[in-house]
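The structure appears right after this line, and notes come after that.
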Amino acid sequence: MATLQERISEPLQAFSQHLSPEQVLEALSKNIGIEYTEVDTSDWTFIEKNCPVSIADIYSGFLKFRFSMKTFETQRFKEKSAKFFCEYLNNDGDGNERYRLGFENPTIIVLKRNEDSKLHHGLKKSFTWGFYLNGFDFYREQNGQLVDITPSEKQFENLYKARQAKERSRKAAHLDKKGFFKDLPPHQRKILG
Numbered sequence: 000m001a002t003l004q005e006r007i008s009e010p011l012q013a014f015s016q017h018l019s020p021e022q023v024l025e026a027l028s029k030n031i032g033i034e035y036t037e038v039d040t041s042d043w044t045f046i047e048k049n050c051p052v053s054i055a056d057i058y059s060g061f062l063k064f065r066f067s068m069k070t071f072e073t074q075r076f077k078e079k080s081a082k083f084f085c086e087y088l089n090n091d092g093d094g095n096e097r098y099r100l101g102f103e104n105p106t107i108i109v110l111k112r113n114e115d116s117k118l119h120h121g122l123k124k125s126f127t128w129g130f131y132l133n134g135f136d137f138y139r140e141q142n143g144q145l146v147d148i149t150p151s152e153k154q155f156e157n158l159y160k161a162r163q164a165k166e167r168s169r170k171a172a173h174l175d176k177k178g179f180f181k182d183l184p185p186h187q188r189k190i191l192g
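Residue 4 in numbering that gives the first Met the number 0 sits at position 5 of the sequence shown, and the numbers go up by one each step.
So this is what it looks like as structure tokens:
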């Protein structure tokens with residue numbers, strides 16, 4: 000694992016982000032623009048109504064997909080209406096967790112699992128935050144690429160709260176599925192969950 004100083008001194012590294020076929024189909028059903036290209040090329044083409052890409056092509060593995068920059072303003076407008084400063088969005092095609100951070104010009108932070116990664120001890124609450132944030136490398140989503148970053152202390156705090164809320168929601172959904180809440184009146188459910 001690289002030390003903080005090594006990570007700062009390294010040039011920015013970008014990693015490709017892959018959209019799964021399910022994410023591509025969901026985005027298309029919601030009129031979110033998608034671009035495609037053949038694997039190992041960078042000739043991106045916008046998917047339109049008369050596009051020669053079929054569902055079989057989407058699942059073939061010979062094409063890669065990304066969100067279109069042509070619809071970036073539309074996506075940004077939708078993200079502005081978000082309720083919290085930092086919140087969990089979804090998992091990307093590689094299973095990495097995506098979080099929106101900010102209201103006006105939101106940043107998408109991607110948490111990529113790496114069991115050897117630990118928060119540095121210079122943070123005020125590294126022990127508390129470590130429970131939810133150790134074991135991840137942090138990246139910023141930028142133009143379809145993942146750029147390695149070191150979040151600020153404020154960003155760590157917001158990511159911690161968003162990750163904590165996500166886990167609590169997942170646990171409450173599991174308890175609800177098992178019937179834990181079925182005998183409780185609605186006002187008590189709100190207090191518990």
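Ideal Cβ positions, reconstructed from N, Cα and C, are used throughout, including at glycine.
Euclidean distance between Cα positions of residue i and residue j
i: residue 146; j: residue 18; result: 16 Å
i: residue 181; j: residue 174; result: 10 Å
i: residue 165; j: residue 37; result: 35 Å
i: residue 179; j: residue 171; result: 9 Å
i: residue 169; j: residue 163; result: 10 Å
i: residue 50; j: residue 33; result: 11 Å
i: residue 150; j: residue 31; result: 28 Å
i: residue 105; j: residue 158; result: 13 Å
i: residue 57; j: residue 142; result: 21 Å
Nearest to residue i (by Cα), restricted to the options the options
i: residue 55; options: 104, 167, 23, 133; result: 23
i: residue 46; options: 180, 67, 92; result: 67
i: residue 25; options: 161, 89, 40, 38; result: 89
i: residue 137; options: 170, 167, 100; result: 100
i: residue 114; options: 172, 53, 134, 167; result: 134
i: residue 52; options: 105, 158, 20; result: 20
i: residue 148; options: 43, 44, 111, 176; result: 111
Residue i burial status per 10 Å Cβ neighbour count (16 or more: buried)
i: residue 28; result: exposed
i: residue 161; result: buried
i: residue 183; result: exposed
i: residue 95; result: buried
i: residue 91; result: buried
Cβ pair residue i, residue j closer than 9 Å
i: residue 140; j: residue 97; result: yes
i: residue 35; j: residue 64; result: yes
i: residue 102; j: residue 84; result: yes
i: residue 154; j: residue 108; result: yes
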